[in-house]
Amino acid sequence: MNTTPDSDLYGIDRWGYGLLEVMPNGDVGLLDPLKENSAPVSLPKIIKDLKDRGITPPVLLRVNSILENSLRQLNGSFADAIKSCGYKGKYRGVFPVKVNQQAEVISRIVKVGREFHYGLEVGSKPELLIALSQPLAKESLLICNGVKDNEFVRLAILSRKIGFNTVIVLESPKELDIVLRVSKDLGQKPLLGIRIKLTNQITGNWAKSSGDQSSFGLRADKVIDVVERLREENMLDCLVLQHSHLGSQVPNINDIRGTVKEACRFYTELVALGVPFKFLDLGGGLGIDYTGEKQANENSINYTVPEYCTNVVETLKYALDEAEVEHPTIVTESGRGIVALSSMLVFDVLDTSLYDDADAVKANKDDHHLIGDLVAVESYIVPERLQECVSDALYYRDELRSLFMHGNVTITAMAKGERIFQHVISRIKKMAYDTEISEQLEEHLIRFADTYHCNFSLFQSLPDVWAIDQLHPIVPLQRLNEKPTRRAVLSDITCDSDGKVDRFVLADGISKTLPVHDLKPDEEYYIGVFFVGAYQETLGDLHNLFGDTNVVTIDLTAKGGFKLLHEVEGDTISQVLEYVEYDANRCLSDFKKMVDAAVAEDALSIKERRVLITAYKDSLKGYTYFEEA
Ligand SMILES: *Cc1c(COP(=O)(O)O)cnc(C)c1O
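Laid out in structure tokens, this is it:
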């Protein structure tokens, strides 16, 4: 066994946001970002401890101090930027509920956010109802985006009477009709915002939500229509907020600057037309550096949170001063930036399909010459000739297969060829892992990568990995003081060929395989997927009826331990059956009828009947994922 510690192979220091560290025993440890020099808490130990309590993997782990830290950092950085730039307005952020609606997360954000007058943003009626049940601080905003009907608008307007600063953001001229009507009916004025469609085009995965293609917001001509209509109705004094949102995970800080500048142009022009704005809402978009590359691409960003804040404030101040317009309160709707880092998914490896380093096989005199050719490939496996070796080995093997098809070699001969091929490819793979290789060769070799079968559903827990090729850092959580001996792709527990992960963030870039260790008998091998707190929880679906995973919220303690704050058990099988309209009791009684019919025909003993029915009943109450006996 090679014991060279190679902790940086996975690039944990590069993408880990200082939240993770490899411990001397090889475990991945969690650090408390709120405490300096905190002792790391071993992730495998947390998982084992949870297992002892009956909470089995897959588990979604939420870490409170990480969430709190992100929230404090954003508010603190805006406060710092406002001070250092001499900006005269305040910052009042809101959390967009759609990014993580889970009760535990929202209540934590609201609680920690109170001292910053942090508010909420909603985009639908259910989200509005969530927000209206939260004890927001007095000055916090409740911003309503999305399509709104009468009921939505009525609730929003009336909620002001019980102390909410609810702002209805107008997204269309039609919405204005509804607002005017409801407001007249109630005899109460609303707080209004207006959503601007900016022309600036951003890059990245969400490019389409900016510029002309965006389906949201009002073009300049419509904006003017709305303003004039409000003026006619004597309600222009209600229009207090300008809103724009340029899409999520904006990779390039200069796109942010450009958009802020454009938003500011609208703002100052509208103020000149007499709009009494007090808030400038710049939407979300603050990204996460999932790969640690620190550059502008889909999964990385070229700025930090303090830089983002400084750039926003600086750009605003300059443009506002030039137009001699009073500094408004800055609002942002960062979702991903607040919650992404705080959750991680942990699962166990259930099984492996290894493309193994079979023992070398010698060719005999009377073997077909292709067998000898295959054996010979091993003699020239050197870094410079890897592609040639792969091509040759594939050619000889395929020739042999075609001879077999036509009845020219026996199954024994072909089996020998397959064995030699496997050995040769294993040797090539080993060398390739320590060599810089071309993308094409990597593509070739991935066909022969080992597969680690893991206890999770990509569709339920990592929907963006499946749908938009989102990259999340993934690492084995233990034995990182041992050199990994294999490279694997991960497949999930669904029966879908899309249910696999084959892009990984490593220290030296993106790889199609993950370095992993050989499994040891009777020892769990845990893998962690990091930064999954944003969007993943509710976008996930019930493919193959794998339900919600167990979820726990923890706090890290000073001495390298943890406290379990909250636990939500994952879906049971009867719950997922109900989602698709089955009645679990009905299923059970139908099953019993068939069992009893079999007993009546003497096909089943009554003892077997009991075993069978107990198994069915137990399963209904059980976890949808693989459970140990
Ligand atoms: C989704 C959304 C956000 C959140 O964006 P992030 O990139 O997660 O910060 C903010 N505002 C609106 C209007 C949104 O639709």
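Going by numbering that gives the first Met the number 0, the first residue of the sequence shown is number 0, and it counts up by one from there.
Positions of the beta carbon are idealized from the N, C-alpha and C atoms, including for glycine.
Problem - 7 Å Cβ cutoff met for Lys511 and Ile424 - result: Sequence index remark: in the sequence shown, residue 511 carries index 512 (1-based). Sequence index remark: in the sequence shown, residue 424 carries index 425 (1-based). No, the pair does not count as a contact, with Cβ atoms beyond the cut-off.
Problem - Neighbour-count burial assignment, Asn144, 16 or more Cβ in a 10 Å radius - result: Position 145 of the sequence shown, counting from 1, holds the residue named residue 144. With 16 or more other Cβ atoms within 10 Å, it is buried.
Problem - Inter-stretch contact (C-beta, 8 Å, three-pair minimum) for the segment 284-294 and the segment 50-65 - result: no
Handout entry: Beta-carbon spacing of Arg91, Leu140 below 7 Å
Key = The residue given as residue 91 occupies position 92 in the sequence shown. The residue given as residue 140 occupies position 141 in the sequence shown. In this structure, Leu140 lies closer than 7 Å to Arg91 by Cβ.
Handout entry: Glu231 to Glu325 span [Cα, whole Å]
Key = The count along the sequence shown starts at 1 and reaches residue 231 at position 232. The count along the sequence shown starts at 1 and reaches residue 325 at position 326. Whole-angstrom Cα-Cα distance: 25 Å.
Problem - Secondary structure of Gly416, DSSP reduced to three states - result: Sequence index remark: in the sequence shown, residue 416 carries index 417 (1-based). Gly416: helix per DSSP, three-state reduction.
Problem - Val111 vs Phe561 beta-carbon contact at 7 Å - result: If you number the sequence shown from 1, residue 111 lands on position 112. If you number the sequence shown from 1, residue 561 lands on position 562. No; because the gap between Cβ atoms is not below 7 Å, this pair is not in contact.
Handout entry: Residue range of the beta strand (DSSP E) that includes Arg446
Key = To locate residue 446, count along the sequence shown from 1; it is residue 447. From DSSP, Arg446 is part of no beta strand (DSSP E); its letter is neither H nor E.
Exercise for the section: Provide the residue span of the alpha helix (DSSP H) that contains Leu319, from first to last. Expected result: Stepping through the sequence shown from its first residue, residue 319 is reached at position 320. Its alpha helix (DSSP H) spans residues Val304 to Glu321.
Problem - Three-state secondary structure assigned by DSSP to Cys143 - result: Residue 143 sits at position 144 when you count from the first residue of the sequence shown. Three-state result, Cys143: strand.
Handout entry: Beta-carbon contacts of Tyr525 that lie in its chain and below 6 Å, excluding the five residues immediately before and after
Key = Indexing the sequence shown from 1 puts residue 525 at position 526. Pro43, Ile46, Val345, Asp347 and Leu476, listed in sequence order.
Practice task
Might you give, ordered along the chain, the residues of its own chain that have their beta carbon closer than 6 Å to the beta carbon of Leu265, omitting 5 neighbours on each side?
Solution key: In the sequence shown, residue 265 corresponds to position 266, counting from 1. According to the sequence displayed, residue 265 carries Phe and not Leu. Excluding positions up to five away in sequence, the list reads Ile195.
Problem - First and last residue of the uninterrupted alpha helix (DSSP H) at His367 - result: If you number the sequence shown from 1, residue 367 lands on position 368. Taken as a continuous stretch (DSSP letters only), His367 belongs to no alpha helix (DSSP H), as it is neither H nor E.
Problem - Three-way DSSP call (helix, strand, coil) for Asp589 in this model - result: What you label residue 589 is simply residue 590 of the sequence shown in a count that begins at 1. Helix at Asp589.
Handout entry: Heavy atom of ligand 1 within 6 Å of Glu332 beta-carbon
Key = Counting from one through the sequence shown, the residue named residue 332 turns up at place 333. True, at least one ligand heavy atom lies under 6 Å from that Cβ.
Exercise for the section: Using a threshold of 7 Å, state whether the C-beta atoms of Leu154 and Val225 are closer than that. Expected result: As a first step, residue 154 must be located in the sequence shown, where it is residue number 155. As a first step, residue 225 must be located in the sequence shown, where it is residue number 226. In this structure, Val225 does not lie closer than 7 Å to Leu154 by Cβ.
Practice task
Following the continuous beta strand (DSSP E) through Gln241, name the residue where it begins and the one where it ends.
Solution key: Position 242 of the sequence shown, counted from the start, is the residue given in the question as residue 241. Here the beta strand (DSSP E) through Gln241 covers Leu238 to His242.
Handout entry: Cα-Cα separation between Asp595 and Tyr578, rounded to whole angstroms
Key = As a working note, residue 595 is residue 596 in the sequence shown. As a working note, residue 578 is residue 579 in the sequence shown. Using only the alpha carbons, I get a separation of about 28 Å.
Problem - Euclidean distance between Cα positions of Pro134 and Asp521 - result: If you number the sequence shown from 1, residue 134 lands on position 135. If you number the sequence shown from 1, residue 521 lands on position 522. Looking at the two C-alpha atoms, the distance is approximately 49 Å.
Exercise for the section: Keeping to the same chain, check which residues put their C-beta closer than 6 Å to that of Lys89; ignore five residues upstream and five downstream. Expected result: To locate residue 89, count along the sequence shown from 1; it is residue 90. Here the set comprises Thr328.
Handout entry: Spatial distance of Lys620 from Thr571 (CA atoms)
Key = Within the sequence shown, numbered from 1, the residue matching residue 620 stands at position 621. Within the sequence shown, numbered from 1, the residue matching residue 571 stands at position 572. Those two C-alpha atoms are separated by around 6 Å.
Handout entry: Neighbour-count burial assignment, Val96, 16 or more Cβ in a 10 Å radius
Key = The count along the sequence shown starts at 1 and reaches residue 96 at position 97. So Val96 ends up on the buried side.
Handout entry: Own chain, CB closer than 8 Å to Leu169, minus 5 neighbours either side, in chain order
Key = Position 170 of the sequence shown, counted from the start, is the residue given in the question as residue 169. The answer, listed in chain order, is Leu175, Val178, Leu191, Gly192, Ile193, Arg194, Leu217 and Val225.
Problem - Nearest-angstrom beta carbon gap, Gln535 and Leu470 [assumed within contact, 8 Å] - result: Indexing the sequence shown from 1 puts residue 470 at position 471. Indexing the sequence shown from 1 puts residue 535 at position 536. 13 Å between Cβ atoms; not a contact.
Practice task
Can you tell me which of Leu587, Ala597, Val222 and Glu600 puts its alpha carbon nearest to the alpha carbon of Asp617?
Solution key: Mapped onto the sequence shown, residue 617 falls at position 618. The shortest C-alpha separation from Asp617 is found at Leu587.
Practice task
Verify the contact flag: Val338, CB atom, against every heavy atom of ligand 1, threshold strictly below 6 Å.
Solution key: Counting from 1 along the sequence shown, the entry for residue 338 is found at position 339. No, the beta carbon of Val338 sits no closer than 6 Å to any heavy atom of ligand 1.
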